[in-house]
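K.L.:
Line order of the protein sequences matches chains A and B.
Residue numbers for the first sequence follow UniProt numbering, beginning at 1 and rising by one.
Residue numbers for the second sequence follow UniProt numbering, beginning at 1 and rising by one.
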Amino acid sequence: MSTPTRRVDAREKVTGAARYGADRTSPDLAHAVFAVSTIGKGRVVNVDTAAAEAVPGVLTVVTRIDPAELGSPGFLMGGGYGFQSLQPLTDDRIAYRGQPIALVVADTLVAATEAANLVRADYEPEPIATDLDDEGAETLVQEEAIPLPFLADIVVGDADAAFVKSPVRIEASFDLPRQHQVPMELIGGVVEWRGDTLVVHEGTQNAGALRGGLARQLGMDLAKIEVIAPYTGGGFGQKNSLQPHVGPLALAARRLGRPIKFVMPRTQTFHQASFRPASRHRVRLGADETGRMLAAVHEVDQQTSRHDLFPSMSTEITSRLYGIGDFRGRQRLVRTDVQTPGFMRAPFEHPAAFAFESAVDELAYAVGQDPVSLRLANDTDVDPVTGQPFSSRHLAECLRRGADMFGWAGRTHEPRSMRAADGSRIGWGVAAGVYPASLAPAVARVTATSEGKVTVGVDGHEMGQGIRTAITLLISEDLSIEVGDVTVYVGDTRVAPQHLTAGSWGTATALQAVHAALRELRKHLNVADSDPVDLGAAVAATGQTSVEVEATTIAPGQPPEIIEHSRAGLVSFAGPVYPGFVAFSFIAHFVEVRIEPTTRRIRVPRVVSVADCGRVASPVTAASQLRGAVVWGIGASLREESEVDPRFGGFANATLEEYPIPVNADIGEIEVGFVDEPDPMLNPVGVKGLGEVAMVGVAAAIANAVFHATGRRQRRLPIRIEDVL
Amino acid sequence: MRPFSYAVPATLAEAVSALAASEPGTKILAGGTTLYDLMKLDIEAPPAVVDVHRLAELAAIDTTRPDEFSFGAGARMADVADDPVVRRDFPVLAESLAKAASQQLRNMATVGGNLLQRTRCGYFRGGPAFPCNKREPGSGCSAIGGLDRGHALFGAGDACVATYPGDWAVALLAFDAEIDVIGPRGVRTVAVGDLHVEPGDDPQREHTLAGDELIVRIRVPVTPSGRGSTYHKIRDRESYAFALVSVAAGVAFDDRGVVEDCRIALGGVATRPWRSPAAEAVLIGERLTEATARRAGEQAFAGARPGTGNAFKIELGIRAVGDALRIAGERAGR
Numbered sequence: 001m002s003t004p005t006r007r008v009d010a011r012e013k014v015t016g017a018a019r020y021g022a023d024r025t026s027p028d029l030a031h032a033v034f035a036v037s038t039i040g041k042g043r044v045v046n047v048d049t050a051a052a053e054a055v056p057g058v059l060t061v062v063t064r065i066d067p068a069e070l071g072s073p074g075f076l077m078g079g080g081y082g083f084q085s086l087q088p089l090t091d092d093r094i095a096y097r098g099q100p101i102a103l104v105v106a107d108t109l110v111a112a113t114e115a116a117n118l119v120r121a122d123y124e125p126e127p128i129a130t131d132l133d134d135e136g137a138e139t140l141v142q143e144e145a146i147p148l149p150f151l152a153d154i155v156v157g158d159a160d161a162a163f164v165k166s167p168v169r170i171e172a173s174f175d176l177p178r179q180h181q182v183p184m185e186l187i188g189g190v191v192e193w194r195g196d197t198l199v200v201h202e203g204t205q206n207a208g209a210l211r212g213g214l215a216r217q218l219g220m221d222l223a224k225i226e227v228i229a230p231y232t233g234g235g236f237g238q239k240n241s242l243q244p245h246v247g248p249l250a251l252a253a254r255r256l257g258r259p260i261k262f263v264m265p266r267t268q269t270f271h272q273a274s275f276r277p278a279s280r281h282r283v284r285l286g287a288d289e290t291g292r293m294l295a296a297v298h299e300v301d302q303q304t305s306r307h308d309l310f311p312s313m314s315t316e317i318t319s320r321l322y323g324i325g326d327f328r329g330r331q332r333l334v335r336t337d338v339q340t341p342g343f344m345r346a347p348f349e350h351p352a353a354f355a356f357e358s359a360v361d362e363l364a365y366a367v368g369q370d371p372v373s374l375r376l377a378n379d380t381d382v383d384p385v386t387g388q389p390f391s392s393r394h395l396a397e398c399l400r401r402g403a404d405m406f407g408w409a410g411r412t413h414e415p416r417s418m419r420a421a422d423g424s425r426i427g428w429g430v431a432a433g434v435y436p437a438s439l440a441p442a443v444a445r446v447t448a449t450s451e452g453k454v455t456v457g458v459d460g461h462e463m464g465q466g467i468r469t470a471i472t473l474l475i476s477e478d479l480s481i482e483v484g485d486v487t488v489y490v491g492d493t494r495v496a497p498q499h500l501t502a503g504s505w506g507t508a509t510a511l512q513a514v515h516a517a518l519r520e521l522r523k524h525l526n527v528a529d530s531d532p533v534d535l536g537a538a539v540a541a542t543g544q545t546s547v548e549v550e551a552t553t554i555a556p557g558q559p560p561e562i563i564e565h566s567r568a569g570l571v572s573f574a575g576p577v578y579p580g581f582v583a584f585s586f587i588a589h590f591v592e593v594r595i596e597p598t599t600r601r602i603r604v605p606r607v608v609s610v611a612d613c614g615r616v617a618s619p620v621t622a623a624s625q626l627r628g629a630v631v632w633g634i635g636a637s638l639r640e641e642s643e644v645d646p647r648f649g650g651f652a653n654a655t656l657e658e659y660p661i662p663v664n665a666d667i668g669e670i671e672v673g674f675v676d677e678p679d680p681m682l683n684p685v686g687v688k689g690l691g692e693v694a695m696v697g698v699a700a701a702i703a704n705a706v707f708h709a710t711g712r713r714q715r716r717l718p719i720r721i722e723d724v725l
Numbered sequence: 001m002r003p004f005s006y007a008v009p010a011t012l013a014e015a016v017s018a019l020a021a022s023e024p025g026t027k028i029l030a031g032g033t034t035l036y037d038l039m040k041l042d043i044e045a046p047p048a049v050v051d052v053h054r055l056a057e058l059a060a061i062d063t064t065r066p067d068e069f070s071f072g073a074g075a076r077m078a079d080v081a082d083d084p085v086v087r088r089d090f091p092v093l094a095e096s097l098a099k100a101a102s103q104q105l106r107n108m109a110t111v112g113g114n115l116l117q118r119t120r121c122g123y124f125r126g127g128p129a130f131p132c133n134k135r136e137p138g139s140g141c142s143a144i145g146g147l148d149r150g151h152a153l154f155g156a157g158d159a160c161v162a163t164y165p166g167d168w169a170v171a172l173l174a175f176d177a178e179i180d181v182i183g184p185r186g187v188r189t190v191a192v193g194d195l196h197v198e199p200g201d202d203p204q205r206e207h208t209l210a211g212d213e214l215i216v217r218i219r220v221p222v223t224p225s226g227r228g229s230t231y232h233k234i235r236d237r238e239s240y241a242f243a244l245v246s247v248a249a250g251v252a253f254d255d256r257g258v259v260e261d262c263r264i265a266l267g268g269v270a271t272r273p274w275r276s277p278a279a280e281a282v283l284i285g286e287r288l289t290e291a292t293a294r295r296a297g298e299q300a301f302a303g304a305r306p307g308t309g310n311a312f313k314i315e316l317g318i319r320a321v322g323d324a325l326r327i328a329g330e331r332a333g334r
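Laid out in structure tokens, this is it:
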């Protein structure tokens, strides 16, 4: 048996054999394209489709769907399934620029595109508000607007009083821009009817929500809907829910009696899907003269849409970064005229950690402490919020090991004190990151054959993070079979409920279920839990050619009936607070920036990141995921902003050419490390999460490095050339 | 996209005939990296396209003459960028191409077509919803008072502030290049400096070529300052980005170390490739020092008229000019 040195589906991916949703084709396939609103808000008075309908090959142009025929999917964070509650085409309201006003279906993509361009509409426009501070933007206190316990402000002790009494006080406000996920695979796929069964092939992180949401929208039985998504070409939160094109496609496909393909153009993915909202974080930190943190106040304003309240959970991590006795969070939501924002990789934690860890760096300088030492001195064994222990917490080890790998000891403390031979300023910065270790219910069905091969169908989605590889490795190691003898089905509602894979719970959730199924299998095969097994022989000994077992697992403390909630396609995860403990993943990032002496371009020649994600379930894909998150952090800190012209609304730089994600030439050396200590308290496989925590703190480490290089604090992202000129 | 007729002439003569007989609005297709893009955006809607990208007569690169380099209009950007003689004797030309677009685009795009690349202004490309005089005359300019971080400091007016996006033309302008153009009325030569026009009252008009004229070749006089040259491009990322500011610079020294020739042209900051004779004059007869280079940069940006979000490009540009002159000076063997 050998441990693979690459992901198990690498060959399929690089040869193009991997089939994504929109890769499907069939002789009678029709193509759909949306025409979209060109105003930022108002009412559509009339849609002229005559020219569009005259384009040869056009089959139908849909401008209005009866809400009785297609209801709202409900908002993902409001007990529903959709990225937003608003279902376009069901009334005359325009809530945001780029909202669909017509769906064109044609024999070819060219005809559909041409026809969509010819759709003309008359509008009654209304004034728009796009920014947190805009006139007309409406600010709500989150815990009043959404009275749910897990969204309430975190308050421990009396932070305001403790802050005022603190000998050293840091106070700063940080602004973060709107950003978009821009996954390589565009949103879309193929929708078809097989008899009275609706089949959806679409890249998603949440096949269960597509199924549940369509059932709700179309008034259908869940059993008559199949969602198949073996591969998702990157989701990063943008594909975590039902998108508004699927319902209209299902209706059109039924009426036309043909399968329909829809691939959302890149520009529309900026307007018809979720994004990272603008946010502002005000942080107050009180400490004693040694840098011991005594009080923290973290106040957040976060953009949302008019029609949904996308909640913030920013203070969930900032209250746990250090052992601060008095903490007060406050989260407010600001309604603006935009599609509903959502979860983009480390959705709250990246902005929150940028703000908080920048402030911690300011504190280190205010008290003349080394930023690593200061963080180590403020570490805690006990969750300051609940008083419960952490299931595992190796943040200090991340900091120590990272400092070692980076050569932090060679740093000089004073800003502007390090300089390269070419005159560039060198800055070294550090920051920590935390992310909840959640778990979700999952079902795993394992079939083992007398040939020694195993097939598993399980909750989970392969969106590039390597879940298929992690599952394969677990089975291969447990049963002593080659990885080539394991077949994994994920993202398919025919084999499991397919709960949302997000929030870094995916791998741990799937592995926990597979692990339980393997225990069942061993029981069936009469093999003790830890004994080596000759799988083929053991199956043959049962007198059968194959043995099938199933296991269902849930998070600690969840009621067993949560699995039914998950089967309905609803978000059903638990954590990070469990009965008797809390669970988080941790990371430390060390960044070197170099800033040119004259034109001040900021470069990041090297980064060292060390993560505590519990046991590393798949070394190759884990390292890849961590490097990818660092790349993303560099983009989020120095490059990316979805630009908005407040006169028009929508997003101005909504293409891959204009939205400046990093290119290879922007990326230097990224060295990653793992503490790799199993966390058996959280689950039997000892795995926490990695994909999200990997990005938390990168931005602060970069900004702190820029401070070290220049002596100037950066309180707004992205940090661009004009900010350091 | 709209239907269009498509012709593939086999020879240059056939291409000229095809263009002579073509209806108004016909477009010449070379590498296709920008025309198809603009057609998909519905900005260009030509009734006919004449595809010249296979014409061998347009592909030649000639760097053998001591007085002049000649580049066929159909030569690929990548081929000129990688040409060892160009890289050695005229680095500004090679660098202006190598720092443009991506490798994939450079493999397709031609040095002739590149000269006529249209602006990247988001309002121009964004569709009819945005007022844009370049796209729809009389509709207004959304960039004025809008998102103008990438917009022009020079050559703009009330009708349009869109930046000319290219790099290659900036380098050519600095070194007095000319283009040979063929059309039904014969062959003529146009200085690169006379090719592009400022928007004035008619932002739709971007250059002085007639619709039936085809660029045949680009000729660049070989000069000592070409050897002591660089294309210094400052952008938001290290590759695949348009210039925030770019500088084509060249210097040559006499035997006393005094600057006897100086070239300075700017990209990313003007509505057309922008040369600064006044900045060049600052250095001629002077020694190239940090101080004189700074003065040249200040002179180059003396008349800049910033909008709301692009004023930083003045100081950035001054420093970029200084750096470009330093690099050029090192190559000139000061």
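Glycine included, C-beta positions come from ideal geometry on N, C-alpha and C.
No experiment lies behind these values; they were computed from the predicted model shown.
Any beta carbon of chain B sitting closer than 7 angstroms to that of A/Glu722?
P.N.:
Closer than 7 angstroms to some Cβ of chain B, the Cβ of A/Glu722 qualifies, so yes.
K.L.:
Pull the bridge partners of A/Gln303 from the DSSP assignment, please.
P.N.:
A/Val334
K.L.:
Which two residues bound the contiguous alpha helix (DSSP H) that contains A/Ile467?
P.N.:
Where A/Ile467 is concerned, the enclosing alpha helix (DSSP H) stretches over 467 to 479.
K.L.:
From the DSSP output, in three-state form, read off B/Arg76 for me.
P.N.:
strand
K.L.:
Give the secondary structure of B/Leu105 by DSSP, where H, G and I count as helix, E and B as strand, and everything else as coil.
P.N.:
Assignment of B/Leu105 by DSSP, reduced to helix, strand and coil, places it in the helix class.
K.L.:
Taking 7 angstroms as the threshold (beta carbon to beta carbon), is A/Pro605 in contact with chain B?
P.N.:
no
K.L.:
Give, in chain order, every residue of the stretch 42 to 62 of chain A whose Cβ lies closer than 9 angstroms to some Cβ of chain B.
P.N.:
none
K.L.:
Please list the partners that A/Pro88 has in chain D, where partner means a Cβ-to-Cβ separation under 9 angstroms.
P.N.:
Among the protein chains of the structure shown, namely A and B, there is no chain D.
K.L.:
DSSP on B/Tyr123, reduced to helix/strand/coil?
P.N.:
helix
K.L.:
Sort B/Ser17, B/Lys40, B/Leu35 by Cα distance to B/Arg2 and report the nearest one.
P.N.:
In this structure, B/Lys40 is the residue among B/Ser17, B/Lys40, B/Leu35 with its C-alpha nearest to the C-alpha of B/Arg2.
K.L.:
Going by alpha carbons, who is nearest to A/Ser391 out of A/Arg64, A/Glu677, A/Gln238?
P.N.:
A/Glu677
K.L.:
Label A/Ala409 either buried or exposed according to how many other C-beta atoms from any shown protein chain fall within 10 Å of its C-beta, with 16 as the threshold for buried.
P.N.:
In summary, A/Ala409 is exposed, with fewer than 16 beta-carbon neighbours lying within 10 Å of its beta-carbon over all protein chains present.
K.L.:
Give the single residue among B/Lys134, B/Gly112, B/Tyr231 whose Cα lies nearest to the Cα of B/Gly72.
P.N.:
Comparing Cα-Cα distances from B/Gly72 to each of B/Lys134, B/Gly112, B/Tyr231, the minimum goes to B/Gly112.
K.L.:
Which residue or residues does DSSP assign as beta-bridge partners of B/Arg220?
P.N.:
Residue identity check: residue 220 of chain B is Val in the sequence provided, not Arg. The partner list for B/Val220 (beta bridge, DSSP) reads B/Phe69.
K.L.:
Can you give the beta carbon distance from B/Val8 to B/Arg54, rounded, assuming they're within the 8 angstroms contact cut?
P.N.:
7 angstroms
K.L.:
Got a sec: which bits of the stretch 117 to 145 of chain B sit with their beta carbon under 9 angstroms from any beta carbon on chain A, in order along the chain?
P.N.:
Arg120, Gly122, Tyr123, Arg125, Gly126, Gly127, Pro128, Ala129, Phe130, Ser142, Gly145
K.L.:
Using a Cβ-Cβ cutoff of less than 8 angstroms, which residues in the same chain neighbour A/Ala18 once the five nearest sequence positions on both sides are dropped?
P.N.:
Asp9, Glu12, Pro230, Tyr231
K.L.:
Would you please state the rounded distance, in angstroms, between the beta carbons of A/Ala448 and A/Val539? I believe it to be under 8 angstroms.
P.N.:
Yes, A/Ala448 and A/Val539 are in contact; Cβ-Cβ is about 5 angstroms, under 8 angstroms.
K.L.:
Does any CB atom of chain A fall closer than 7 angstroms to the CB of B/Ser96?
P.N.:
no
K.L.:
Mapping the DSSP letters down to three states, classify A/His298 as helix, strand or coil.
P.N.:
strand
K.L.:
Counting only the same chain and skipping the five closest in sequence on each side, list residues whose C-beta sits under 7 angstroms from that of A/Ile426.
P.N.:
Taking A/Ile426 as the centre and dropping the five residues before and after it, the same chain places the C-beta of Met418, Arg419, Ala420, Glu592, Arg594, Ala709 closer than 7 angstroms to its C-beta, in chain order.
K.L.:
Please report the straight-line C-alpha distance between B/Glu213 and B/Asp37, rounded to a whole angstrom.
P.N.:
22 angstroms
K.L.:
Counting only beta-carbon separations shorter than 7 angstroms, does A/Thr598 have a partner in chain B?
P.N.:
yes
K.L.:
Thinking residue 335 of chain B and B/Ala143 are a contact (beta carbons under 8 angstroms), I'd like their distance in whole angstroms, please.
P.N.:
Here chain B comprises residues numbered 1 to 334, so residue 335 of chain B is not present and cannot be evaluated.
K.L.:
Classify A/His413 as buried or exposed, calling it buried when 16 or more other Cβ atoms lie within 10 Å of its own Cβ.
P.N.:
Exposed, by the Cβ-count rule.
K.L.:
Check for me: the alpha helix (DSSP H) holding A/Arg266 runs from which residue to which?
P.N.:
Run containing A/Arg266: 266 to 269, per the alpha helix (DSSP H) assignment.
K.L.:
Would you mind working out which of B/Ala265, B/Leu116, B/Pro66, B/Ala13 sits nearest B/Thr208, comparing C-alpha positions?
P.N.:
B/Leu116
K.L.:
Going by alpha carbons, who is nearest to B/Gly74 out of B/Thr33, B/Ala159, B/Gly155?
P.N.:
Of the candidates B/Thr33, B/Ala159, B/Gly155, the one whose C-alpha sits nearest the C-alpha of B/Gly74 is B/Thr33.
K.L.:
Any idea if A/Met184 is buried or exposed, counting beta-carbon neighbours within 10 angstroms, 16 or more meaning buried?
P.N.:
exposed
K.L.:
Which complete alpha helix (DSSP H) runs does the stretch 326 to 378 of chain A hold, if anything under 4 residues is left out?
P.N.:
Within the stretch 326 to 378 of chain A, the complete alpha helix (DSSP H) runs of at least 4 residues are 349 to 366, 371 to 377.
K.L.:
Grab the span of the beta strand (DSSP E) containing A/Ala442 for me, first residue to last.
P.N.:
That run of the beta strand (DSSP E) goes 442 to 449.
K.L.:
For B/Ala320, which residues in chain A fall below 9 angstroms Cβ to Cβ?
P.N.:
Thr598, Thr599
K.L.:
What does B/Ser229 reach in chain A if we use C-beta pairs closer than 8 angstroms?
P.N.:
The premise fails here: B/Ser229 is roughly 18 angstroms from chain A at the closest Cβ pair, so nothing lies under 8 angstroms.
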